[in-house]
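Enquirer: All residue numbers for the sequence shown refer to numbering that gives the first Met the number 0, where the first residue is 0 and numbers rise by one.
Glycine included, C-beta positions come from ideal geometry on N, C-alpha and C.
Input: one structure, supplied below.
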Amino acid sequence: MRRADRLFQIVQHLRGGRLVTAQKLGTWLEVSERTIYRDIADLQSTGVPIDGEAGVGYMMREGFDLPPLMFTRDEIVALVAGARMVRAFGGAA
């Protein structure tokens, strides 16, 4: 799993409103607890409101949501065209 995907999954999991340990997150994402600690510290440093501490557990403050992606019409057209080209040449899009 790519790091960006793992960070997204951590945010999604913590949005449940319950305390979750690094051990549980690590088991679920198949990475070490230390990796989870680093990921949570990185998320916190970017402004994601995660409360908690190592050995106790983590949870996200209510009301947080990831901002939507905002593309212009031209950017959307380019993304769709790119995905179609990848698919046409046998890739997964």
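With 16 other CB atoms within 10 Å as the buried threshold, where does V19 fall?
Expert: buried
Enquirer: Within the continuous beta strand (DSSP E) that includes E61, where are the two ends?
Expert: Looking at the DSSP string, E61 is not in any beta strand (DSSP E), and its letter there is neither H nor E.
Enquirer: What do you get for A21, buried or exposed, if any count of 16 or more other CB atoms within 10 angstroms of its CB means buried?
Expert: buried
Enquirer: Starting from E52, trace the beta strand (DSSP E) in both directions and tell me its first and last residue.
Expert: DSSP places E52 in the uninterrupted beta strand (DSSP E) bounded by I49 to E52.
Enquirer: Only counting the same chain, and skipping five residues up and downstream in sequence, which positions put a Cβ closer than 8 Å to that of L6?
Expert: Result list for L6: D38, D41 and L42, in chain order.
Enquirer: Mind reading off the beta-carbon distance from R33 to M58? Whole number of angstroms is fine, and I expect it under 8 Å.
Expert: Not really, about 20 Å apart at Cβ, beyond 8 Å.
Enquirer: If you draw a straight line from the alpha carbon of R86 to that of I9, how long is it in whole angstroms?
Expert: C-alpha separation (whole angstroms): 30 Å.
Enquirer: Per DSSP, which one or two residues make a beta bridge with V19?
Expert: Y57
Enquirer: Would you kindly check if the distance between the Cβ of G51 and the Cβ of I35 is under 8 Å?
Expert: no
Enquirer: Looking only at its own chain, which residues have a Cβ that is under 8 Å from the Cβ of E29, when we skip the five neighbours before and after it?
Expert: M0
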